[in-house]
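Chemist:
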Amino acid sequence: MTKEEIEGVEEYRKAGHIAKEVKEYARETVKSEVPLIEIAEKIEDKIVRLGGKPAFPVNLSINEIAAHYTPGHNDKTKASGLLKVDLGVHISGFIIDTAFSLDLENNNENKTLILASEKALQKAIEVTKQGIEIWKIGQAIQETITSFNFSPIRNLSGHELGKYKVHAGLTIPNYNNNNKTRLGSGVYAIEPFSTTGSGLVNESKSSGIYILQEKKPIRNLLARKILAFIEEKYKTLPFCERWLVKEFGTKSLLALNFLEKERILYNYPVLVEKSHGKVSQAEHTVLIAKNKIKVLT
Ligand code: MN
Ligand code: MN
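Here the sequence shown stands for residues 1 to 297, where the numbers follow the working numbering.
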């Protein structure tokens with residue numbers, strides 16, 4: 001294997017095909033008024049049926065919620081407004097991360113916001129190549145989104161993908177942040193967000209999306225059992241309370257709470273646009289090797 005070759009190319013390629021098919025399925029499945037929990041379960045089941053595993057709980061974020069919303073086990077929220085569908089597929093830890101947005105209320109502003117993020121993603125991919133200074137990718141995104149009179153979200157960014165790590169290494173900015181780091185070979189998610197608001201997100205309430213943060217010995221039997229399950233099944237990938245309630249029942253909520261208090265688990269906050277502007281997102285995973293770029297999704 002040469003230095004240029006990337007580990008898991010075949011897995012990435014397969015996971016990319018699955019992600020593409022799941023996105024098409026999601027576009028048909030998501031309709032206004034359908035409960036988010038039904039959509040999430042259908043999408044996650046589809047990933048498994050096609051031979052992949054969810055790399056994280058499917059994010060279904062509405063309007064001013066930019067990211068990190070996944071329905072809880074008893075969630076009654078229904079699909080509406082401007083909905084972002086952000087999904088991850090992994091095969092043996094090699095992750096594909098991709099997202100799109102849907103207008104569920106036939107609203108022109110929503111449609112333009114969606115177009116702005118899609119165009120920004122397209123422009124970003126056009127400029128992306130091995131060795132590029134990453135501010136240039138951010139600038140392409142920023143210029144495109146501001147040409148629609150919207151703002152890019154500056155404190156959300158694309159990222160490198162690693163084995164069993166959704167956020168590994170390098171960050172890909174959504175604006176010109178003057179970072180002159182050069183892009184190396186690897187697998188990256190590029191994900192512009194456009195908003196009618198100020199262009200920043202704030203941390204809101206807990207999402208119920210968790211990640212293993214630090215291993216510590218614990219005495220509580222149930223918490224120990226659940227922690228062992230998490231380590232075995234999700235490793236260092238995010239998961240959610242909905243998945244654990246399915247496996248262990250609602251008693252798992254107490255254990256999750258305990259593990260969070262012990263700082264063994266981290267509970268991601270929901271990210272909401274600061275001025276409550278609506279938010280759209282578009283995301284692709286790209287592979288960069290041997291001076292070539294390949295869009296995997
Ligand atoms: Mn994503
Ligand atoms: Mn991402």
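Built from N, CA and C at the ideal position, the CB exists for glycine as well.
Assign TYR69 to one of three DSSP states: helix, strand, or coil.
Modeler: The answer is coil: DSSP assigns TYR69 none of H, G, I, E or B.
Chemist: Indicate, with yes or no, if ligand 1 has a heavy atom lying under 7 Å from the CB of ALA189.
Modeler: Checking every heavy atom of ligand 1 against the Cβ of ALA189, one is found closer than 7 Å.
Chemist: Quickly, what does DSSP pair ASN281 with across the bridge? List them, please.
Modeler: What sits at residue 281 in the sequence shown is Gln, not Asn. The partner list for GLN281 (beta bridge, DSSP) reads PHE193.
Chemist: So does LYS159 have its beta carbon nearer than 7 Å to some heavy atom of ligand 2?
Modeler: First, the residue type needs correcting, since residue 159 is His and not Lys in the sequence shown. True, at least one ligand heavy atom lies under 7 Å from that Cβ.
Chemist: Around the C-beta of ASP45, are 16 or more other C-beta atoms found within 10 angstroms, so that it is buried, or is it exposed?
Modeler: When all chains shown are included, ASP45 counts as exposed.
Chemist: I'd like to know if the stretch 68-76 and the stretch 92-108 are in contact, where contact means that at least 3 CB-CB pairs between them fall below 8 Å.
Modeler: No, they do not touch.
Chemist: What's the C-alpha gap between SER252 and LYS261?
Modeler: The straight-line gap from Cα to Cα measures roughly 14 Å.
Chemist: Run through the stretch 158-192 for me and flag every whole beta strand (DSSP E) of 3 or more residues, listed as ranges in chain order.
Modeler: Fully enclosed beta strand (DSSP E) runs of 3 or longer: 158-162, 165-172 and 186-190.
Chemist: Look up ASN202 in the DSSP assignment and say whether it is helix, strand or coil.
Modeler: ASN202 falls in the strand class under three-state DSSP.
Chemist: Rounded to the nearest angstrom, what separates THR29 and PRO217 at their Cα positions?
Modeler: Rounded to whole angstroms, THR29 to PRO217 spans 43 Å at the Cα level.
Chemist: Starting from VAL22, follow the beta strand (DSSP E) in both directions and report where the run begins and ends.
Modeler: It is not in any beta strand (DSSP E) - VAL22 instead sits in the alpha helix (DSSP H) that spans 9-29.
Chemist: Under three-state DSSP, which class holds LYS42?
Modeler: Of the three classes helix, strand and coil, the one that applies to LYS42 here is helix, per DSSP.
Chemist: Using the Cα positions of ILE288 and ASN179, report the straight-line distance between them to the nearest angstrom.
Modeler: Cα-Cα distance, rounded: 19 Å.
Chemist: Could you give the distance in angstroms between the alpha-carbon of LEU121 and the alpha-carbon of ALA15?
Modeler: Their Cα atoms are separated by approximately 20 Å.
Chemist: Would ALA67 and LEU271 be called neighbours here (beta carbons separated by less than 8 Å)?
Modeler: The answer is yes: Cβ separation under 8 Å.
Chemist: Ligand 4 and GLU283: does the residue's C-beta get closer than 7 Å to at least one heavy atom of that ligand?
Modeler: Ligands displayed in this structure: ligand 1 and ligand 2; ligand 4 is not among them.
Chemist: Tell me the DSSP secondary structure of ILE264 in three-state form.
Modeler: ILE264 falls in the coil class under three-state DSSP.
Chemist: Does DSSP classify LEU271 as helix, strand or coil?
Modeler: The answer is strand: DSSP assigns LEU271 an E or B state.
Chemist: Check whether the stretch 137-153 touches the stretch 183-194, counting contact only when three or more Cβ pairs, one atom from each stretch, lie closer than 8 Å.
Modeler: Verdict: yes, contact present.
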